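Residue numbers (the working numbering): 150 to 296. All C-beta atoms in this analysis are idealised placements derived from N, C-alpha and C, irrespective of residue type, glycine included. Just so it is clear, the structure is predicted and the values come from calculations on it, not from any experiment.
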């Protein structure tokens, strides 16, 4: 379990987005250690004209990054995350998932997607709770032949 404090990062023209990286954390599989990090990232898709086929969307994503381990690539059967209140342990958001088996390469990651029905609620929640800490619990299931 890791704790992340949400902050805005300034961009050009006084615009700000959520972009935070957790401290690295480790997991072990058959006595072998893997190091991971979580990243919260504000993603914006902005339509440039009224007749655009893609509507403007702003969402905060939770991404899982493979930082270090005994091999350059590791296959994860499934990764799930839950966000909890650090004071009470109450589950605030659950259902973040890698969906399918994913291959992670050192220095890269994949989003843990949230159910579409909860995504805008989660994005609003993060933007309302800037400068507050939340705990993120991650459950990683490795493919049996990981090494």
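Classify residue i: buried if its beta carbon has 16 or more other beta carbons within 10 angstroms, exposed otherwise.
i, result
"residue 180", "exposed"
"residue 218", "buried"
"residue 170", "exposed"
"residue 277", "exposed"
Of the residues the options, which one's Cα is nearest the Cα of residue i?
i, options, result
"residue 184", "286, 225, 252 and 214", "214"
"residue 289", "227, 236 and 182", "227"
"residue 253", "225, 240, 236 and 209", "225"
"residue 208", "251, 250, 265 and 272", "272"
Does any heavy atom of the ligand COA sit closer than 7 Å to the C-beta of residue i?
i, result
"residue 232", "This structure lacks the ligand COA, and indeed carries no ligand of any kind."
Cβ atoms of residue j and residue i: under 8 Å apart, would you say?
i, j, result
"residue 275", "residue 231", "no"
"residue 212", "residue 261", "yes"
"residue 234", "residue 283", "yes"
In this structure, how does DSSP classify residue i when only helix, strand and coil are distinguished?
i, result
"residue 281", "coil"
"residue 255", "coil"
"residue 181", "strand"
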